[in-house]
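Trainee: Okay, here's the structure, questions in a sec.
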Amino acid sequence: MDKSKPNSLKNGPDENGNFGNFGGRFVAETLMPLILELENEYENAKKDPLYKAELAKLNKDYTGRPSPLYFAERLTKELDGAKIYFKREELNHTGSHKVNNCLGQILLAKRMGRTRIIAETGAGQHGVATATVCARFGLECVVYMGATDVERQAPNVFRMKLLGAKVIPVTAGAGTLKDAMNEALRDWVTNVDDTYYLIGTAAGPHPYPAMVRDFQSIIGEELREQFLEKEENLPDAIVACIGGGSNAIGIFHPFLDDVEVKLFGAEAGGYGIEVENGHAASMTGGKPGVLHGNRTYLLQDDDGQILEGHSISAGLDYPGVGPEHSFLKDSGRVTYAPITDKEALEAFQLCTKLEGIIPALESAHGLAQVIKIAPTMDKSQTIVLNLSGRGDKDVETVSKLLSSKDFGDKNAGEEL
Amino acid sequence: MNDNRIENAFKNCAKKNRAALVTFITAGYPNLKTSQQILDTLPKAGADIIELGMPFSDPMADGPTIEAAGHKALAGGHNTLKTLEMVTAFRKKDKSTPIILMGYYNPIYVFGVEKFLKAAKKAGVDGLIIVDLPSEEDDELCLPAIKHDINFIRLTTPTTDDNRLPKVLKNSSGFVYYVSMTGITGTAISNFEKVGDAVRRLKSHTDLPIAVGFGIKTAKDAAQVAKFADGVVVGSALIKALDNSLQNGNITKNSIGAVHDLVRDLAKGIASIKK
């Protein structure tokens, strides 16, 4: 914590891993010593110049950082409002922001002498990034993936296998990201001696939310520098999509204390926030609870049973959200709003046609938020979208959706 | 004798020179009525202490057997309130057998901690085992439970080392639950010797009784564990016995008997080891 700024929103978490009322360490006793060890090792690594230098080198030469800041000229013209910029995380190696976190954590796992890496994945982006860094460092890799997601994200499953990872389909529940995370935790609780759990989003027990945020904050730090150079000012607004929220916290965090920069998070509104169990907007449509090691906003019923949620995007299809986002929601610093499947799909097409960039369906949710906000802003103002992933993986899904005339209707959508 | 049922149960077993049998069943499985019947008759079959599992959608420490039982109970409309009502009904008939609710924190958090503890005490609950509340989170439920005179039973595991044990044991009461392995419920114990060593190590840190759970399936397993532990916990094996008695998911006339048979067997195994 920065003691010189007691009121900074960047001070979280406290020593127990809490961001205000959210976060914490809600894990079984078996895992408690492991996450304490991880916290300790991470604190040491942060102070180690060699660790930092190795990560910086990999970020540059392996991932291709810094990612460009791109002025979306035709989209700006079309929306006739604020100047629109993209922070192009989709150009990273492996096609999304996920690799930023995987590199940071794999170096940590190596320091800790772990030889076996496990991970959970929804759309497969984090699974691919994890399998990639495991291949790069010659470590065994096991990825848990919901059986439903294995089916709808087949190309990513094949990529992981090519990279040498073992992909284990999880059939419990609805077979999506939540179930994959349960199974990964079960693996970790069983294989405590040699296994490192590489969590892909800024959620889970402390220190994961803070650690993942730190690794992803490179997005916001670069943006600040690039933007000052291009516009000699800070942006007026920044937009990112929210599943667990790692790309969003990464781009938001360096700007939290710059109150003149408005921050917007786009949640998965699915068929619409009013449709029961038809969305995955945990903050707009959920309430606080405890799952997967942290207290945060969750989709749940009156008895505290966790609901599955729905989104067109497998990467946003998670009933929770990182605890720092819950804190930022309650503090009012970030505005979180749902974007429906339909809005995301329209944004996906618009971006492709006008800018020649096929965004991931996840990032298309952020873009849909930009499409809502930009026209309401003055032409002298600026707005930045975190283009967190590329859409190659979604082309097949989108093709099926576009040929279905009932798209957006709950009953029709389930078949896709 | 005082009025702490858990303490009394262990004392009674000690008087009989044997370990205590702690049986776990999932509340509301396979349905509310059968579950209540099994619960009500467990003491007669030989259970000294009962753990009643509160179903949760995402039971991260449980294997497929207990997870499936919980999901089926929830699908049948079971909830936290109904679990408490089961305890109330049990207490009308049985004033002495301790009941411990075992589960995960979220349903309690959502129910409301104070409201839950009041209702649990009133129903006749003696203790709580909440898997995802380590000692670091004692302010959440452990300390409030103690104020309501409900024991908070702590899990210790093979990863809990000597440095950490005092912190884990600090607010523990009732007994200490030693998890025999790193893993999930329903997996077999591979090395009883090692478990015995761990229990002896625990005993040098606490005067509370030590019960061992995870991986105990048969009377023979139970007897092995009874050699060094004050209590033997059996869960998945009982659910499995119940599962095997079902036909197309429905109870048969043998269902309750299947559970009783195994409980009687386990009790015999434990009684064969004189302490």
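Protein chains in written order, with the working numbering: chain A, 1 to 416; chain B, 417 to 691.
C-beta atoms are modelled at their ideal positions from N, C-alpha and C, and glycine is treated no differently.
Nothing here was measured: the structure is a model prediction, and the numbers come from that model.
#1: Once DSSP output is grouped into helix, strand and coil, what is the label at B:Leu725?
#2: Any beta carbon from chain B within less than 8 Å of A:Pro13's own beta carbon?
#3: Just mark A:Met1 as buried or exposed, buried being the case when its beta carbon has 16 or more other beta carbons within 10 Å.
#4: Who are the Cβ neighbours of A:Asp143 in its own chain at under 6 Å, not counting the five residues just before and after it?
#5: Going along chain A, which residues have a C-beta under 7 Å from B:Leu662?
#6: Return the residue from the list B:Ser671, B:Ala463, B:Gly444 and B:Leu662 that minimises the CA-CA distance to B:Ala491.
#7: Using a Cβ-Cβ distance cut-off of 8 Å, determine whether A:Asp330 contacts chain B.
#8: At which residues does the alpha helix (DSSP H) containing A:Leu454 begin and terminate?
#9: Measure the beta-carbon distance from A:Glu267 to A:Tyr336 and round it to whole angstroms, keeping in mind my assumption that it falls under 8 Å.
#10: Applying a beta-carbon distance threshold of less than 8 Å, which residues of chain A neighbour B:Ile600?
#11: Between A:Met112 and A:Asp236, which are expected to be in contact by the criterion C-beta below 8 Å, what is the C-beta distance as a whole number of angstroms?
#12: In the structure shown, what three-state DSSP assignment does A:Ser96 receive?
#13: In whole angstroms, what separates the C-alpha of A:Cys141 from that of B:Ser661?
#14: Which partner residues of B:Tyr445 appear in the DSSP bridge assignment?
#15: For the stretch 453 to 481 of chain B, enumerate the residues whose C-beta is nearer than 9 Å to any C-beta of chain A, in chain order.
#16: Should B:Ala484 and B:Arg507 be called a contact, given that it needs their Cβ atoms to be closer than 8 Å?
#17: Within the same chain, show all residues whose beta-carbon is closer than 6 Å to that of B:Asn420, passing over the 5 residues directly before and after it, in chain order.
#18: Answer with yes or no whether the minimum CB distance from A:Met32 to chain B is below 8 Å.
#19: So, is the C-beta of B:Glu530 closer than 8 Å to a C-beta in chain A?
#20: Within this structure, are the beta carbons of A:Gln125 and A:Gly389 separated by less than 8 Å?
#21: Could you have a look at A:Ala174 and say whether DSSP puts it in helix, strand or coil?
#22: Cα separation between A:Lys400 and A:Glu346?
#23: For B:Leu533, count neighbouring C-beta atoms within 10 Å of its own C-beta (all shown protein chains included) and say buried if the count is 16 or more, exposed if not.
#24: Do we get a CB-CB distance below 8 Å when we pair B:Lys448 with the residues of chain A?
#25: Which parts of the stretch 261 to 300 of chain A are runs of the alpha helix (DSSP H), unbroken and 4 residues or longer, counting only runs that do not cross its ends?
#26: Give the range of the beta strand (DSSP E) segment to which B:Leu712 is assigned.
#27: Taking only three categories from DSSP, how would you classify A:Met32?
#28: When the Cα of A:Gly12 is compared with those of A:Leu354, A:Ser404, A:Leu367 and A:Leu256, which residue comes out closest?
#29: Check the Cβ-Cβ distances between B:Phe527 and every residue of chain A, and say whether any is below 8 Å.
#30: Does B:Leu559 come within less than 8 Å of chain A when only Cβ atoms are used?
#31: What does A:Phe424 reach in chain B if we use C-beta pairs closer than 7 Å?
#32: Candidates B:Leu682, B:Ser451, B:Pro514 and B:Lys610: which alpha carbon is nearest B:Phe591's?
Mentor: Short version:
#1: No information on residue 725 of chain B is available, as it lies outside the stretch 417 to 691 that chain B covers here.
#2: no
#3: Model confidence at A:Met1 stands at a pLDDT of 49, short of 50, so the residue's coordinates are unreliable and nothing is read from them.
#4: Strictly speaking, residue 143 of chain A in this sequence is Val, with Asp absent from that position. If we look at A:Val143 and ignore the five residues flanking it on each side, its Cβ neighbours are Ala119, Thr121, Gly127, Met160, Ala165 and Val167.
#5: Here the premise fails: no neighbours, minimum Cβ distance about 20 Å.
#6: B:Gly444
#7: no
#8: The question about residue 454 of chain A has no answer, for chain A in this structure spans 1 to 416.
#9: 6 Å
#10: Arg186, Val189 and Thr190
#11: Not really, about 42 Å apart at Cβ, beyond 8 Å.
#12: strand
#13: 40 Å
#14: Looking at the DSSP assignment, B:Tyr445 forms no beta bridge with any residue, so it has no partner.
#15: Pro471, Phe472, Ser473, Asp474, Pro475, Met476, Ala477, Asp478, Gly479 and Pro480
#16: no
#17: none
#18: yes
#19: no
#20: yes
#21: coil
#22: 14 Å
#23: buried
#24: For clarity, residue 448 of chain B is Leu in the given sequence; the question names Lys instead. No - not a single Cβ of chain A is within 8 Å of the one on B:Leu448.
#25: 282 to 285
#26: Any question about residue 712 of chain B goes unanswered here, given that chain B covers just 417 to 691.
#27: helix
#28: A:Leu256
#29: yes
#30: no
#31: Here chain A has residues from 1 to 416 only, and residue 424 of chain A is not among them.
#32: B:Pro514
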